[in-house]
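By the count of this note's numbering, the sequence shown reaches residue 289 at its end, each step adding exactly one. Data block below; observations after.
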Amino acid sequence: MNLLQRFQKIRTFIFDVDGVLTDGDLLVLESGEMARVMNVKDGYALQLLIKLNYEVIIVSGSAPSAVQQRLGKLGIREMYFEVKDKKIFIQGLMEQKKWAPEAILFMGDDLPDLPVFDIVGLPACPADAVGEIQQKARFISGFNGGRGCVREVIEKVLRSNGQWGNEPLVAST
117 MNLLQRFQKI RTFIFDVDGV LTDGDLLVLE SGEMARVMNV KDGYALQLLI
167 KLNYEVIIVS GSAPSAVQQR LGKLGIREMY FEVKDKKIFI QGLMEQKKWA
217 PEAILFMGDD LPDLPVFDIV GLPACPADAV GEIQQKARFI SGFNGGRGCV
267 REVIEKVLRS NGQWGNEPLV AST
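Listed below in structure tokens is the structure:
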């Protein structure tokens, strides 16, 4: 199966947070609070996915934060934080929801994401993912984490299915 065919089959998107939806940096404030950077173009594309009835799932090893609130405002309802073993967790979701592996795109950037690449149809990563992840990914974005990599894979799936740019989406990104 070629890459375009893989993109066409995707119905479920699973994203890691740090290093994928964010740039991976943490700004530690004097108060002890930590801030992350997210991309508004990624936000627009995520909203469009939800509007088009694709499944969007967040699976992160990190603790819930303001990121959860932001993603909730974009319409994402399934978010799982402090997941210790992403492969086992995602396998459980796949069984519960009866998802076919070839219909799942997972985007991760670091070693805890690596085992998931063996169980999904389209393992993807940002341009700045660690080497082991890049070696196993079927698609490497031209964009870094938190800098448009999420938008890129969403756009590729929607374009391959004739769903990109068909109607304007008015929403806050």
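No residue lacks a Cβ here, since even glycine has one placed at the ideal position from N, Cα and C.
Just grab the DSSP bridge partners of residue i for me.
i: Phe-197; result: Per DSSP, none; premise fails for Phe-197.
i: Pro-239; result: Phe-222
i: Val-266; result: DSSP output for Val-266 lists no bridge partner at all.
i: Met-150; result: Val-144
i: Ile-130; result: Ile-173, Phe-222
The alpha helix (DSSP H) that contains residue i, what's its start and end?
i: Val-156; result: 156 to 167
i: Phe-233; result: Unbroken run through Phe-233: none, as it is neither H nor E.
i: Ile-249; result: 247 to 252
i: Ala-179; result: It is not in any alpha helix (DSSP H) - Ala-179 carries neither H nor E in the DSSP assignment.
To the nearest angstrom, how far is the alpha carbon of residue i from that of residue j?
i: Gly-278; j: Ser-176; result: 30 Å
i: Cys-241; j: Asp-141; result: 17 Å
i: Lys-157; j: Gly-191; result: 15 Å
i: Phe-259; j: Ile-249; result: 15 Å
i: Ser-181; j: Asp-139; result: 15 Å
i: Val-153; j: Ile-235; result: 29 Å
i: Asn-118; j: Glu-146; result: 50 Å
i: Leu-221; j: Leu-238; result: 5 Å
i: Gly-261; j: Ala-243; result: 7 Å
i: Glu-149; j: Gln-185; result: 15 Å
i: Ile-197; j: Val-246; result: Rather than Ile, the amino acid found at residue 197 in this sequence is Phe. For Phe-197 and Val-246, the distance between alpha carbons rounds to 21 Å.
i: Asn-169; j: Gly-188; result: 16 Å
State the DSSP-derived secondary structure class of residue i, mapped to helix, strand or coil.
i: Phe-123; result: helix
Identify the continuous beta strand (DSSP E) that holds residue i and give its terminal residues.
i: Val-172; result: 171 to 175
i: Phe-259; result: Segment: none, Phe-259 is in no beta strand (DSSP E) and carries neither H nor E.
i: Ile-206; result: Taken as a continuous stretch (DSSP letters only), Ile-206 belongs to no beta strand (DSSP E), being part of the alpha helix (DSSP H) at 202 to 213.
Do the CB positions of residue i and residue j come within less than 8 Å of each other?
i: Phe-131; j: Leu-137; result: yes
i: Thr-133; j: Ile-166; result: Position check: residue 133 holds Val in this sequence, whereas Thr was assumed. It is not a contact, given that the beta carbons lie outside the stated cut-off.
i: Asp-229; j: Lys-202; result: yes
i: Glu-171; j: Arg-127; result: yes
i: Arg-254; j: Asn-155; result: no
i: Ser-257; j: Val-273; result: no
i: Leu-162; j: Val-232; result: no
i: Glu-218; j: Lys-125; result: yes
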